[in-house]
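Before any comments, here is the structure.
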Amino acid sequence: MASDMNAQPESLKPESGLPASQVYAFAAFALLIGLALGYFWIGAKTAPAPAPAAVPATAPPLGMAGMLPGGHPKPTMEQMKAMADVKAAPLLEALKKKPKDAKLLAQVAALYASTHQFKDAAAYYEKSLAVDPKNVTTRTDLASNLYYSGDADGALRELQQALKYKPDDVNALFNLGMIRYKGKDDAPGAIAAWQQLLKAHPDLDRKPVVEKLIAEAQQPKPASKN
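This note's numbering applies: residue 1361 is where the sequence shown begins, and numbers increase by one.
Given below as C-alpha cells:
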C-alpha cells in the first residue's frame, strides 16, 4: 500500500500532541496497514514506501486484540487521521504554490491512504487525475481507495479506464480481478481478468499467486442451506 513513511516519526511529536511511544507505534501500524492493502496495491506507488515488493496474502499479526507489537494500543481512526493531517501539512503547503502539481496531489493521496483515510485519499487522487488523466498508476490507486471506501462499481470503472490507456497493466488487471471476485462476487469476470494478466505477462513473478486465485475462483460454490 503506498505510504509516505520516509519522514522520521519524531517530526510528529510537537504538532500531534501524542507521546513519542505512540507516534512510533502509529508508524509501525501504518506499515502493517500498507502490507495488508498490498493484496490489492502491487507494484510501484506514487509516493515512496519501504514496504516489500512481494504481495502478502495477509498482514503480520497484531498480537493481542487491539494491541500493536510491543504492547502499544492500536490507534483509533481519529488518531490515524490526526497523524495523516500532520504529515500532509508540508505537502498541502507546497500545493498552495503549485495547486496543479499532479505528483504532489498523488503524494498527499498516498499519505491519507496509508492511514485508512480512503475517502480523503480518493479525493486527492481525483484531483491529480484531473491534471494528468492518463496516469495509470494514479488511476489504479484511486480505484483501490474507492473500493475500500465501499464503492466497488466506481473502482471497476476506474480500472477499466486505466486499461484503456494501458491494456496490459499488471496492477490494473490484478486489481480488476480481485474487485470483481471479492467486491462483486463475479468469479467468471475475475478469472477473465487474471487470465488476461497471465497471457500478457507469462513470466510474472506473482504468477503462482494469480494461478491460485484462478483455481479458487473456479471452484463451485457450496450449495446454500435453506
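Cβ atoms here follow ideal geometry from the backbone N, Cα and C, with glycine treated the same way.
Exposed or buried, which one is residue i when buried takes at least 16 other CB atoms within 10 Å?
i	result
Glu1453	exposed
Glu1438	exposed
Thr1436	exposed
Lys1559	exposed
Ala1448	buried
Asp1565	exposed
Arg1517	exposed
Lys1487	buried
Ile1393	Note that Ile1393 scores a pLDDT of 39, beneath 50, so its modelled location is shaky; the value from the coordinates is reported in the next line. Counting Cβ neighbours within 10 Å, Ile1393 comes out buried, since at least 16 surround it.
Asp1480	buried
Gln1579	exposed
Ala1575	exposed
Lys1567	exposed
Asp1529	buried
Ala1444	buried
Ala1583	exposed
Leu1573	buried
Comparing C-alpha positions only, which one of the options sits nearest to residue i?
i	options	result
Lys1494	Ala1515, Leu1519 and Met1538	Leu1519
Thr1475	Glu1486, Ser1509 and Pro1582	Ser1509
Lys1341	Ala1490, Lys1479 and Asp1480	Any answer about residue 1341 is impossible in this case: the structure gives the chain only from 1361 up to 1586.
Val1569	Lys1542, Pro1582 and Phe1534	Phe1534
Gln1477	Leu1455, Ser1504 and Asp1492	Ser1504
Tyr1541	Pro1562, Gln1521 and Ala1515	Ala1515
Ala1577	Asp1563, Lys1544 and Pro1562	Lys1544
Ile1635	Met1443, Glu1571, Ala1583 and His1561	No answer is possible for residue 1635: it lies beyond the span of the chain, which begins at 1361 and ends at 1586.
Asp1492	Pro1459, Pro1450, Asp1511 and Leu1471	Pro1459
Can you find a heavy atom of the ligand MN that lies under 7 angstroms from the Cβ of residue i?
i	result
Pro1548	Although the ligand MN was asked about, the structure shown includes no ligands whatsoever.
Legend entry - At least 3 beta-carbon pairs within less than 8 angstroms: the stretch 1522-1534 vs the stretch 1499-1508: yes
Inset, instruction - Scan the stretch 1489-1530 and note each continuous alpha helix (DSSP H) run of 4 residues or more that stays entirely inside, going in chain order. - result: 1496-1508 and 1512-1525
Inset, instruction - Go through the stretch 1431-1455 residue by residue and report every complete run of the beta strand (DSSP E) that reaches 3 residues or more, in order. - result: none
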